[in-house]
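Numbering (full-length UniProt numbering), first residue to last: 1 to 489. Glycine included, each C-beta is placed from N, C-alpha and C at the ideal position. Remember, it's a predicted structure, so these values are computed and weren't measured experimentally.
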Amino acid sequence: MKKTFIVLMLIIVVLIGMLFTQRQKMLGNIDEFIKPNVVVNLEGTSFENFKFPENFDIRKYEGITLNFIVENNLNANILSLESEEFTKLTGINIKIRPTDYDTFIQKINLDFISKAGDYQLIYSDPYQTLNRFHEDLEPLNNYTHNSELPTLQVSLDDFFENQLKVCSYFNSSDQLYAIPFDSTTMIMYYREDVFRDFKDDFFEDKGYDWTPGGPDFTWERYIEIAKWIDTYVPNEIVEYGSGQMAQAHNSVFCEFSNVLASNGGDYFRDEGINTYGLKAFNKLDVMSDTFIKSLEQYKKIVAAAAPDSVNWNWEDAADAFSKGKIAMMVNWDENYATLNNSSNFRVRGNVGTAILPYGDVKSANIYGGSGIGINKYASKEEKEAAWFFISWATSKEMQLRILTEPTGGALPTIKSAYKAIDPEFRASHPQIDTVLRAWQPENIYLRPKLENFYYIEQAIIDSLHTMILDNLDPKDVALDLYKKILSKR
Numbered sequence: 001m002k003k004t005f006i007v008l009m010l011i012i013v014v015l016i017g018m019l020f021t022q023r024q025k026m027l028g029n030i031d032e033f034i035k036p037n038v039v040v041n042l043e044g045t046s047f048e049n050f051k052f053p054e055n056f057d058i059r060k061y062e063g064i065t066l067n068f069i070v071e072n073n074l075n076a077n078i079l080s081l082e083s084e085e086f087t088k089l090t091g092i093n094i095k096i097r098p099t100d101y102d103t104f105i106q107k108i109n110l111d112f113i114s115k116a117g118d119y120q121l122i123y124s125d126p127y128q129t130l131n132r133f134h135e136d137l138e139p140l141n142n143y144t145h146n147s148e149l150p151t152l153q154v155s156l157d158d159f160f161e162n163q164l165k166v167c168s169y170f171n172s173s174d175q176l177y178a179i180p181f182d183s184t185t186m187i188m189y190y191r192e193d194v195f196r197d198f199k200d201d202f203f204e205d206k207g208y209d210w211t212p213g214g215p216d217f218t219w220e221r222y223i224e225i226a227k228w229i230d231t232y233v234p235n236e237i238v239e240y241g242s243g244q245m246a247q248a249h250n251s252v253f254c255e256f257s258n259v260l261a262s263n264g265g266d267y268f269r270d271e272g273i274n275t276y277g278l279k280a281f282n283k284l285d286v287m288s289d290t291f292i293k294s295l296e297q298y299k300k301i302v303a304a305a306a307p308d309s310v311n312w313n314w315e316d317a318a319d320a321f322s323k324g325k326i327a328m329m330v331n332w333d334e335n336y337a338t339l340n341n342s343s344n345f346r347v348r349g350n351v352g353t354a355i356l357p358y359g360d361v362k363s364a365n366i367y368g369g370s371g372i373g374i375n376k377y378a379s380k381e382e383k384e385a386a387w388f389f390i391s392w393a394t395s396k397e398m399q400l401r402i403l404t405e406p407t408g409g410a411l412p413t414i415k416s417a418y419k420a421i422d423p424e425f426r427a428s429h430p431q432i433d434t435v436l437r438a439w440q441p442e443n444i445y446l447r448p449k450l451e452n453f454y455y456i457e458q459a460i461i462d463s464l465h466t467m468i469l470d471n472l473d474p475k476d477v478a479l480d481l482y483k484k485i486l487s488k489r
């Protein structure tokens, strides 16, 4: 009996030893997985080429939840899908909260004013957030040089210079508040089939080539072409020559700004106001002859467009184009993939892009990119986890992923990414080269960035929409706007 007992004990000891060894191997595998230096465990993921600090624990912030408030756009929607991998590998729960433009502004206002810190990651619009709430954003200078935290995967020099100034700083380059995140830019969309099939008829009637994109394609010709399409192109092919966005919305401000800048005009003449931005303006320019002429021209542009244009914003105009109702429009570049894959057989595969029409001076294409920042009122651990996410989300790997998703995302904000784009993909997405041309110094338009510009912009929007709706005299509109802006100073 004693001998049998001893044998049983030996068997139990051996089994326990085997189980312990197996457990140690399992734990070892887990430890190996969470160490970023083990490339094999991150192979094929967005962290494969990620540069970590030595001995950094990729799951250091496991269990933390980060809420990311962002305007509803394609970039945010695609990032929502891609961030699932980030959560799986890091244990950081990312909740992206996309909202419409107006709701986004309201939620940002409430969170910063209350200092609640409910949204740890902030979509930092230069003209709605960065300008007004830069003191509520966490300064990022200390994060970029912290050897214990993941660094940005690209150097600041790799970002386009103007975009970095607009999206990341306010008033000076002393404090870095956000990292360029998306790069939306207004370009012209047109129906290639219409411009191809009726090119000769138009030339015979008007005597010039109507192909968009060149110096001869002016706003005045844009109006003439829109009217010609209305008259001579059958409605079953397209209903209207053009569609605009004159709703009482940020869209009317952006659309008019392109016309104004193309004629050499602007709202202010203060140095630095269109890049780093200023706390206050000194040189208001809305009573100039150029400004008044641009108001008159914009009235003509809207008058020649689809009748509902007075009630459209950029989503409405894009929807009308996608449904085959309009042949030309001004809109953001990120819409290309959706438009070119329209369910309308006439639109699908027939979407052309070009820089915007020329005014008296140039083509002006408004830049609308934003940055991604950190809420100052978040906890220390949340801030570090948010910085980890930012370094991942703005990496070249992720920017290229977002661009090449089937639904299309925003174009990369770093120069080196464009060298890595597959030539065939680039050839099939003409908006890429159109936007790069729009970003040339002679073509880009950067809006004024003022601390209180939110209220000034509302005054501009109201004046522009009312001018269109009530057919007001541009001189009266300019004077009224001059008084309104001075009252907001």
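Would you mind stating whether residue i and residue j have Cβ atoms separated by less than 8 Å?
i, j, result
"Ala-417", "Leu-66", "no"
"Arg-447", "Ile-366", "yes"
"Pro-357", "Thr-218", "yes"
"Tyr-445", "Ala-246", "no"
"Leu-208", "Leu-339", "It should be noted that the sequence gives Tyr, not Leu, for residue 208. Against a cut-off of 8 Å, the Cβ pair of Leu-339 and Tyr-208 comes out as no contact."
"Ala-116", "Tyr-377", "yes"
"Asp-216", "Ser-370", "no"
"Tyr-232", "Asp-270", "no"
"Trp-392", "Phe-68", "no"
"Ala-478", "Phe-268", "no"
"Gly-265", "Ser-288", "yes"
"Ala-76", "Ile-96", "yes"
Can you tell me whether residue i is helix, strand or coil according to DSSP?
i, result
"Ser-487", "helix"
"Asn-162", "helix"
"residue 492", "The displayed coordinates of the chain run from 1 to 489. Any statement about residue 492 would go beyond what the structure contains."
"Ser-294", "helix"
"Glu-255", "helix"
"Asn-375", "strand"
"Asn-29", "In this prediction, Asn-29 scores a pLDDT of 40, lower than 50, which makes its location untrustworthy; the coordinate-derived value is nonetheless stated afterwards. Asn-29 falls in the helix class under three-state DSSP."
"Lys-475", "helix"
"Leu-400", "helix"
"Thr-434", "helix"
"Glu-192", "helix"
"Lys-60", "coil"
"Phe-133", "helix"
"Ser-172", "strand"
"Ile-421", "coil"
"Lys-95", "strand"
"Ser-242", "coil"
"Gln-24", "In this predicted model, Gln-24 has a pLDDT of only 41, less than 50, meaning its place in the structure is not dependable enough to derive any value."
"Ile-225", "helix"
"Ser-363", "strand"
"Pro-36", "Confidence at Pro-36 is low in this model, with a pLDDT of 40, below 50, so the placement of that residue is unreliable and no value is reported for it."
"Leu-156", "helix"
"Met-9", "Residue placement at Met-9 is poorly supported in this model, since its pLDDT is 44, which falls under 50; the coordinates still yield a value, given next. It is helical."
"Leu-260", "helix"
"Leu-481", "helix"
"Thr-211", "coil"
"Tyr-127", "helix"
"Thr-218", "strand"
Mind reading off the beta-carbon distance from residue i to residue j? Whole number of angstroms is fine, and I expect it under 8 Å.
i, j, result
"Gln-163", "Thr-413", "6 Å"
"Val-347", "Ile-187", "About 17 Å; that fails the 8 Å criterion."
"Glu-138", "Ile-374", "4 Å"
"residue 521", "Gln-120", "In the structure displayed, the chain extends from 1 to 489; residue 521 sits before or after that span and is not available."
"residue 494", "Tyr-101", "This structure cannot speak to residue 494, because the chain is shown only from 1 to 489."
"Thr-151", "Lys-51", "7 Å"
"Asn-443", "Ile-355", "6 Å"
Output the boundary residues of the beta strand (DSSP E) element that contains residue i.
i, result
"Thr-466", "Counting along the chain, Thr-466 falls outside any beta strand (DSSP E), though it belongs to the alpha helix (DSSP H) covering 453-470."
"Ala-354", "351-354"
"Asp-332", "Here residue 332 turns out to be Trp, not Asp, going by the sequence shown. Looking at the DSSP string, the run of the beta strand (DSSP E) that includes Trp-332 is 328-332."
"Leu-79", "It is not in any beta strand (DSSP E) - Leu-79 instead sits in the alpha helix (DSSP H) that spans 74-90."
"Ser-124", "121-124"
"Leu-66", "65-71"
Give the range of the alpha helix (DSSP H) segment to which residue i is assigned.
i, result
"Glu-381", "380-393"
"Glu-204", "199-206"
"Thr-144", "141-144"
"Asn-41", "39-42"
"Tyr-336", "336-340"
"Glu-315", "314-322"
"Phe-112", "101-114"
Report task. Count the CB pairs spanning the region 215-231 and the region 296-312 that are closer than 8 Å, and state whether there are at least three. Result -> Between the region 215-231 and the region 296-312 there are three or more inter-stretch CB-CB distances shorter than 8 Å, so the stretches are counted as touching.
Query raised in the report: Does the pairing of the region 390-407 with the region 416-431 give three or more beta-carbon distances under 8 Å?
Result: Contact holds: three or more Cβ-Cβ distances are below 8 Å.
Query raised in the report: Touching or not, the region 456-467 and the region 245-259, by the rule of three or more beta carbon pairs under 8 Å?
Result: The region 456-467, when compared against the region 245-259, does touch it at the 8 Å Cβ threshold.
Query raised in the report: On the three-pair Cβ rule with 8 Å, is the region 452-461 touching the region 168-177?
Result: For the pair of segments examined, the region 452-461 was found not to touch the region 168-177: the number of CB pairs separated by less than 8 Å stays below three.
Requested in this report: Tell me, please, whether the region 474-488 touches the region 270-277 by the rule of three or more beta-carbon pairs shorter than 8 Å.
Outcome: No, they do not touch.
Query raised in the report: Are three or more beta carbon pairs between the region 86-106 and the region 51-68 nearer than 8 Å?
Result: Under the Cβ criterion (8 Å, minimum of three pairs), the region 86-106 counts as touching the region 51-68.
Query raised in the report: Are the region 126-142 and the region 327-338 in contact at 8 Å, needing three or more beta carbon pairs?
Result: Verdict: no, contact absent.
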